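Colleague: Numbering (our numbering), first residue to last: 22 to 412.
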Amino acid sequence: MSSRSFPKGFLWGAATAAHQVEGNNLNNDFWQLEHAAAEHGVQFSGDAVDSYHRYQEDMRLLADAGLNAYRFSIEWSRIEPSPGKFSKAQLAHYRRMIDEAERLGVKPVVTLHHFTHPIWFGETGAWLGKGAVEAFSRYVEQACTILDGVEWVCTINEPNVLAVNHGQLRRVAEGKEYQRVGALPDTEIGEALIAAHRAAAPLVREATGAKVGWTVANQALVPVPGSESKHAEVQHIWEDMYLEPARDDDFVGVQSYTSQLVDENGIVPHPEHPDNTIMGWAYRPDALGIAVRHTHDVVGDVPIVVTENGIATSDDQRRIAYTGEALRHLRDAMDDGIDVHGYLHWSLLDNFEWGRWDPTFGLIAVDRETFERHPKPSLAWLGDIARANAI
Ligand code: BGC
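1) Among THR391, GLY363, PRO398, GLY376, which residue has its Cα nearest to the Cα of PRO28?
2) Pull the bridge partners of VAL131 from the DSSP assignment, please.
3) Can you tell me whether DSSP reads ARG394 as helix, strand or coil?
4) Please classify ARG92: is it buried, with 16 or more other beta-carbons within 10 angstroms of its beta-carbon, or exposed?
5) Decide yes or no for the touch test of the stretch 180 to 187 against the stretch 207 to 227: beta carbon pairs closer than 8 Å, at least 3 of them.
6) Please state whether DSSP places GLN281 in a helix, a strand or coil.
7) Indicate the three-state DSSP secondary structure (helix, strand or coil) for ILE4 in the structure shown.
8) Quick check: the Cα distance between GLU265 and GLU390, rounded to an integer number of angstroms?
9) In three-state terms, what does DSSP make of HIS294?
10) List the whole-angstrom C-beta distance separating ASN49 from THR137, where the pair is believed to meet the contact cut-off of C-beta under 8 Å.
11) Does the contact criterion of 3 or more C-beta pairs under 8 Å hold for the stretch 370 to 383 versus the stretch 28 to 41?
12) Can you grab the Cα-Cα spacing for the pair VAL313 / GLY34, in whole Å?
13) What residues match up with PRO139 in a beta bridge as DSSP calls it?
14) Going straight from the alpha carbon of GLY67 to that of GLU155, what length do you get?
15) Quick check on this structure: which residue in ARG339, SER335, GLY310, ASP337 has the alpha carbon closest to the alpha carbon of ILE325?
16) Who pairs with HIS366 in a beta bridge, going by DSSP?
17) Quick one: does the C-beta of PHE51 sit closer than 7 Å to a heavy atom of ligand 1?
18) Going by other Cβ atoms of all chains shown within 10 Å of its Cβ, with 16 needed for buried, is HIS61 buried or exposed?
19) On the premise that GLN276 lies in contact with VAL320, defined as a C-beta separation below 8 Å, what is that separation, rounded to the nearest angstrom?
20) Grab the span of the alpha helix (DSSP H) containing ASN181 for me, first residue to last.
21) Check whether the Cβ of ALA312 lies closer than 7 Å to any heavy atom of ligand 1, and answer yes or no.
22) Would you tell me roughly how many angstroms separate the C-alpha atoms of MET22 and ALA411, rounded to the nearest one?
23) Starting from the C-beta of GLY146, find all residues in its chain whose C-beta is less than 6 Å away, skip the five residues before and the five after it, and write them out in chain order.
24) Using beta-carbon positions only, say whether GLY30 and ARG408 come within less than 8 Å of one another.
25) For THR229, which residues does DSSP report across the bridge?
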């Protein structure tokens, strides 16, 4: 194996999340929030990119390009529209997605929770509500009934970002100010998510035999000289407390986009710069290497899958440049002995970026009037890497 090739069976794919692509998830908390916050300029998910009906085309484009894995999430609010009442039809829908992936020779990587929950779960206090872990476990048990043959299952996506977002809502509900910059995860919500993951992971493992893990947002935090102790404190609250439970898992998902400095006041906001992405994030393809190495430092020998990495840009050549460089940093980390099993690009499709439509992360553009898919050159480029299994 030349140093720039990847191990046999390496997962090369792309990722999406239900609420960002399906459309009309009327029964979840984010739909509710979009409507409640409309006056602040928050946009609606609406039909999203209608992947609920067009998933076959989406997966076919991915497979035809040469990719061999598709990470998608199943939507709790569709599967359990009211507490304890499960929709057999919706479960069958997600089973058809899994079957379709398998038919195309694509490995499904299934996320059970990607940021959204049913409205009823929010009404019972969401993750801090009494019985949250039991409610999530009950849903997970039902989800397991359709996961036969799936090898990779993520329980909860980015619990740390979820704890930032729900922490903000909690602050506002308590009459405190919304923190525009530098908000950290709410540790109490984080602990509740850890409990939910610890309850769900063994259920999935026993029912399906899949490799089970969760996916953590890695901010590739770097200390400003002299701020090492603040850096250690922030890094623990931001990501390490979510990586530590992954030591008991079959794999951990690394999600990386950018890197940030930490000074004595905490995380330093991204300075304005012409190279910043549409998200306003610093252009840092090297972040992936930092994130993978840091994750390895915390989890030890637990296998890693890059479950998200990408860039919001309208210039597809820039997406190719960013991703090519990120992959070189990933390969360097692997050369140093870190066990990485896959790279899943965020995202397969331009999609609903949680209240905004302008950040385009996709390998495929979508006409939001006709839902026509337009693959970008980056899709074929990544597919060629997948076919060669080398950079
Ligand atoms: C999330 C995705 C999101 C992406 C880009 C991650 O935080 O898992 O849902 O679209 O980053 O912001």
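Glycine is no exception: its CB is placed at the ideal position from the N, C-alpha and C atoms. The structure displayed is predicted, hence computed values, not measured ones.
Modeller: Taking the definition as stated:
1) Position 7 of the sequence shown, counting from 1, holds the residue named residue 28. Of the listed residues, the one whose Cα sits closest to PRO28 is GLY363.
2) If you number the sequence shown from 1, residue 131 lands on position 110. Bridge partners of VAL131 according to DSSP: PHE93, VAL174.
3) Within the sequence shown, numbered from 1, the residue matching residue 394 stands at position 373. Of the three classes helix, strand and coil, the one that applies to ARG394 here is strand, per DSSP.
4) As a working mapping, residue 92 is identified with position 71 in the sequence shown. Under this definition ARG92 is a buried residue.
5) yes
6) Looking up residue 281 in the sequence shown gives position 260. In the three-state reduction of the DSSP assignment, GLN281 falls in the strand class.
7) For the chain, the structure presents residues 22 to 412; residue 4 sits outside this window and is missing.
8) Position 244 of the sequence shown, counting from 1, holds the residue named residue 265. Position 369 of the sequence shown, counting from 1, holds the residue named residue 390. About 44 Å.
9) Translated into the one-based positions of the sequence shown, residue 294 becomes position 273. Three-state DSSP puts HIS294 in coil, outside helix and strand.
10) As a first step, residue 49 is located in the sequence shown; it is residue number 28 there, counting from the start. As a first step, residue 137 is located in the sequence shown; it is residue number 116 there, counting from the start. Indeed they touch by this definition, with Cβ atoms about 4 Å apart.
11) yes
12) By one-based count along the sequence shown, residue 313 stands at place 292. By one-based count along the sequence shown, residue 34 stands at place 13. Their backbone Cα atoms lie some 18 Å apart in a straight line.
13) On the sequence shown, position 118 is the one that residue 139 refers to. PRO139 pairs with ASN49.
14) Translated into the one-based positions of the sequence shown, residue 67 becomes position 46. Translated into the one-based positions of the sequence shown, residue 155 becomes position 134. A direct Cα-to-Cα measurement between GLY67 and GLU155 gives close to 31 Å.
15) Counting from 1 along the sequence shown, the entry for residue 325 is found at position 304. Here the closest residue by C-alpha is GLY310.
16) The residue given as residue 366 occupies position 345 in the sequence shown. Note: HIS366 sits in a beta bridge opposite ALA35.
17) Working through the sequence shown from its first residue, we reach residue 51 at position 30. Answer for PHE51: no, Cβ out of range of ligand 1.
18) On the sequence shown, residue 61 is found 40 positions in, with the first residue counted as 1. Answer is exposed; the Cβ neighbour count stays below 16.
19) By one-based count along the sequence shown, residue 320 stands at place 299. By one-based count along the sequence shown, residue 276 stands at place 255. Actually they do not touch by this definition, with Cβ atoms about 14 Å apart.
20) Against the sequence shown, residue 181 aligns to sequence position 160. First-last of the alpha helix (DSSP H) with ASN181: 180 to 194.
21) Position 291 of the sequence shown, counted from the first residue, corresponds to residue 312. Checking every heavy atom of ligand 1 against the Cβ of ALA312, none is found closer than 7 Å.
22) Numbered from its first residue, the sequence shown carries residue 22 at position 1. Numbered from its first residue, the sequence shown carries residue 411 at position 390. Confidence at MET22 is low in this model, with a pLDDT of 44, below 50, so its placement is unreliable and no value can be given for it.
23) On the sequence shown, position 125 is the one that residue 146 refers to. Counting only Cβ-Cβ distances below 6 Å, and skipping sequence neighbours, we find nothing.
24) Along the sequence shown, one-based indexing puts residue 30 at 9. Along the sequence shown, one-based indexing puts residue 408 at 387. Cβ atoms of GLY30 and ARG408: not closer than 8 Å.
25) Here residue 229 corresponds to residue number 208 of the sequence shown, with the count starting at 1. Paired residue(s): none; THR229 is not in a bridge.
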